[in-house]
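Presented below is the structure to which this report refers.
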Amino acid sequence: METWDAITSRRNVRRFEDRPVPDDALDRILEAGRRAPSSRNWQPWDFVVVTDRDQLNELAKVWQYGQHVAESAATIALILPRSEDADERETAQYDLGQATMAMLIAAADLGIGSGHSAVGDQDQARRVLGLPEDRYAAYLVDLGYPADGPLRPIREPNRRPFTDVVHRGRW
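Take the working numbering: the final residue in the sequence shown is number 185, and no numbers are missing along the way.
See below:
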C-alpha cells in the first residue's frame, strides 16, 4: 500500500475477525513505533505486546469502553516512565503520540485494523502486564483484521472541512 493510501484507509476498528496477526507483521508495527521521532532522541516508551486471549480479556478491564481490546488479535500497551516533572510528562506524551501514529499507519499499510483505548485502572494494567513501579500504561493499541471488511481509502471522512481546520499565515 502507498503511504497516502495507508493514511486515508486507517480508521478505528472495534470488531475483528477471529484470526491472528502474524508475528512478522506485529514486529513491523512495533518497529515503526520504535523508529518514531522523539525529543532529543529520548525514546521514553516501552511496548508490551499481548496476544494471549485470557490476558487480552483481563487487559480489556482497564477501561470501561475497552471491550474491543478483548476481541483483538493483539494489543500493544504503550508504557511510559512515571515522572513528577510536568515538562518531562508532556514531552513523553507527545513522543508517544508520534510512536502511536507510526504504528497505526504501519498496521494500515499491512491491512491490519487498529483502535485505541485509554487506561483508567493502572492497578489492573500493572497486574496484567507485570509493570515495574516506575512505569505506567499510558494507552492501548488493539490490532486485528477488520470484521466488517478490509481497509480501503475513505473518500469522504467524517472530519471537519479542510478550510475550517487549515489557517495559512494567521488565524
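Glycine included, every Cβ here is placed at the ideal spot set by N, Cα and C. Model, not experiment: these values are computed from the prediction.
#1: Mark F176 as exposed unless 16 or more other C-beta atoms lie within 10 angstroms of its C-beta, in which case mark it buried.
#2: Assuming D135 is part of the alpha helix (DSSP H), what are its boundary residues?
#3: List the endpoints of the continuous beta strand (DSSP E) containing G158.
#4: Determine contact between the segment 134 to 145 and the segment 112 to 125, defined as no fewer than three beta-carbon pairs at a distance below 8 Å.
#5: Starting from F176 and walking both ways along the alpha helix (DSSP H), at which residues does that stretch end?
#6: Between the alpha carbons of G134 and K75, how many angstroms are there, rounded?
#7: State the Cα-Cα distance for the pair R184 and T22, rounded to the nearest angstrom.
#8: Is the beta carbon of L152 less than 8 Å from the beta carbon of L94?
Quick look at the numbers:
#1: exposed
#2: Element bounds for D135: n/a, residue is neither H nor E.
#3: 149 to 158
#4: no
#5: 176 to 179
#6: 9 Å
#7: 27 Å
#8: Here residue 152 turns out to be Ala, not Leu, going by the sequence shown. Contact: yes.
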